[in-house]
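Participant: This is the structure I want to talk about, given as structure tokens.
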Amino acid sequence: IASARLHSRDSVSSLVRLLEDDRSGTLVLAGHGYGAIMAALVAARLGSRVTKLVIVNAVPPHHYAIPFLDLASDAELEGFLQLIGYPGTVDAASITSLRAGVRVSSSHQLTRVELACEVAVFRASRSLWFSYWSSQRWEDDTQTKQTRFFDFDGDHFSPVDSLLRSLLAETEAQPTS
């Protein structure tokens, strides 16, 4: 449910209201990158209603992992996006988007998120967003200490690319009417 397009605390409040209105039972929330931070903030607000939080390649909200990006030149950001395996075209729009994301992300960095649910953290072996320390912070933020870590070979965007390929293959396999 969480996407990098949700850029504010208002978005967290909107998601919480939407999910509170849905009375279908317990929830499992998942997010990738900044979307995982948003999912964690929502999970903290919903409390015991969330039974599991799935984190894919993200640092905890209070951990400022990329302080240099706000000061980096466009050329440095272009190199960084290529280094982490950015799946799209690296152009002025993607650099502007990254800069906006850094500003928004840094506004959440002092928010320590206390989670009562199980947390599954998926970490790419070649992801620059992760370090052992930042992974450990997810465990420290889980009140129940039910944090499990799963490592996989790939970069920051590998899970998104794999998911999109699977969805595309599934869509193409569906008969059209």
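Just so you know, we're using our numbering here: the sequence shown kicks off at 16 and counts up by one.
Beta carbons are placed, not taken as given, at the ideal position from N, Cα and C, and that holds for glycine.
Can you find a heavy atom of the ligand ZN that lies under 7 Å from the Cβ of Ser142?
Facilitator: The ligand ZN is not part of this structure, which contains no ligands at all.
Participant: DSSP three-state label for Tyr49, please.
Facilitator: The residue you call residue 49 lines up with position 34 of the sequence shown. Looking at Tyr49 - three-state DSSP - the assignment turns out to be helix.
Participant: Once you ignore the five residues that flank Ser140 on each side, which residues in its own chain have a CB closer than 8 Å to its CB?
Facilitator: Residue mapping note: residue 140 aligns to position 125 of the sequence shown, counting from 1. Asp166, Phe167, Asp168, Gly169.
Participant: With H, G and I counted as helix, E and B as strand and the rest as coil, what does DSSP make of Leu130?
Facilitator: Taking the sequence shown and counting its residues from 1, one reaches residue 130 at position 115. Of the three classes helix, strand and coil, the one that applies to Leu130 here is strand, per DSSP.
Participant: What's the call for Gly103, buried or exposed, on a 16-neighbour Cβ count within 10 Å?
Facilitator: For the purposes of this step, residue 103 is taken as the residue at position 88 of the sequence shown. With fewer than 16 other Cβ atoms within 10 Å, it is exposed.
Participant: By DSSP's criteria, Ile70 is part of a beta bridge. Which residues make up the other side?
Facilitator: Sequence index remark: in the sequence shown, residue 70 carries index 55 (1-based). According to DSSP, Ile70 bridges with Gly46, Val136.
Participant: Return the chain-ordered list of same chain residues with a C-beta closer than 8 Å to the C-beta of Thr66, the five sequence neighbours on each side being excluded.
Facilitator: If you number the sequence shown from 1, residue 66 lands on position 51. Around Thr66: Thr41, Leu42, Val43, Cys132, Glu133.
Participant: Using the DSSP secondary-structure output, state which residues sit across from Arg163 in a beta bridge.
Facilitator: Position 148 of the sequence shown, counted from the first residue, corresponds to residue 163. For Arg163, which the question treats as bridged, DSSP gives the partners Ala135.
Participant: Cutting at 7 Å between CB atoms, please list the residues of its own chain near Glu185, excluding the five before and the five after it.
Facilitator: For the purposes of this step, residue 185 is identified with residue 170 of the sequence shown, where counting begins at 1. No residues qualify anywhere along the chain.
Participant: Can you tell me where the alpha helix (DSSP H) holding Asp89 begins and where it ends?
Facilitator: Position 74 of the sequence shown, counting from 1, holds the residue named residue 89. First-last of the alpha helix (DSSP H) with Asp89: 89-98.
Participant: Could you give the distance in angstroms between the alpha-carbon of Asp96 and the alpha-carbon of Ala108?
Facilitator: Here residue 96 corresponds to residue number 81 of the sequence shown, with the count starting at 1. Here residue 108 corresponds to residue number 93 of the sequence shown, with the count starting at 1. Rather than Asp, the amino acid found at residue 96 in this sequence is Leu. When rounded, the distance between both Cα atoms is 12 Å.
Participant: To the nearest angstrom, how far is the alpha carbon of Leu125 from that of Glu154?
Facilitator: By one-based count along the sequence shown, residue 125 stands at place 110. By one-based count along the sequence shown, residue 154 stands at place 139. Summary for Leu125: the model assigns pLDDT 45, below 50, so the residue's position carries little reliability, and this model does not support an answer.
Participant: Is it buried or exposed for Gly3, if we count other Cβ within 10 angstroms and need 16 for buried?
Facilitator: Any question about residue 3 goes unanswered here, given that the chain covers just 16 to 192.
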